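One structure is given here, and the rest of the page talks about it.
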Amino acid sequence: MKMPADLETDAARLREAMAEVLADDGALRDSAWRAAVEKVPRHPFVPGFYLPADQRDEHGLTVWEPVTAELDHGRWLAAAYSDTTLITQFDGEES
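Every position in the sequence shown, counted from 1, becomes a number in our numbering once 3 is added.
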């Protein structure tokens, strides 16, 4: 799947927003760190990951949904630039 033409623009906007949130929370106090957060793209490092679904399985356990640019471009990009742990693998090799 081809990425939208504005991928880099969207990613830059999301990086700036993430830096603002982290600075407001006190996590970014140094201007050099903030500049790095605003400049370095994150999305190339997380081509796919899992996020918890809004449902549980029959045992009450969390159901995890795969997220990739191909499956849901907006959700993938937003999560890549969030202050959230992204699960990239559960056990063994992912295919």
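Beta carbons: idealized from backbone N, C-alpha and C, even for Gly. These numbers were taken from a predicted model, which means no experiment stands behind them.
Contact belief for residue i with residue j at Cβ below 8 Å, rounded distance in angstroms
| i | j | result |
| --- | --- | --- |
| Ala-30 | Tyr-84 | In fact, because the Cβ distance is near 14 Å, the residues do not count as touching under 8 Å. |
Buried versus exposed call for residue i [16 or more other C-beta atoms within 10 Å across all chains shown]
| i | result |
| --- | --- |
| Ala-39 | exposed |
| Leu-64 | exposed |
| His-46 | buried |
| Leu-17 | buried |
| Ala-56 | exposed |
Local conformation of residue i per DSSP, three classes
| i | result |
| --- | --- |
| Asp-28 | coil |
| Leu-54 | strand |
Cβ of residue i within 8 Å of any chain B Cβ
| i | result |
| --- | --- |
| Glu-11 | The structure shown contains no chain B, having only a single protein chain. |
Beta-carbon proximity of residue i to residue j, cut-off 8 Å
| i | j | result |
| --- | --- | --- |
| Ala-82 | Leu-89 | yes |
First and last residue of the uninterrupted alpha helix (DSSP H) at residue i
| i | result |
| --- | --- |
| Met-40 | Note that residue 40 corresponds to Val in the displayed sequence, not to Met. 34 to 42 is the extent of the alpha helix (DSSP H) around Val-40. |
Residue span of the beta strand (DSSP E) that contains residue i, given as start and end
| i | result |
| --- | --- |
| Thr-65 | 65 to 71 |
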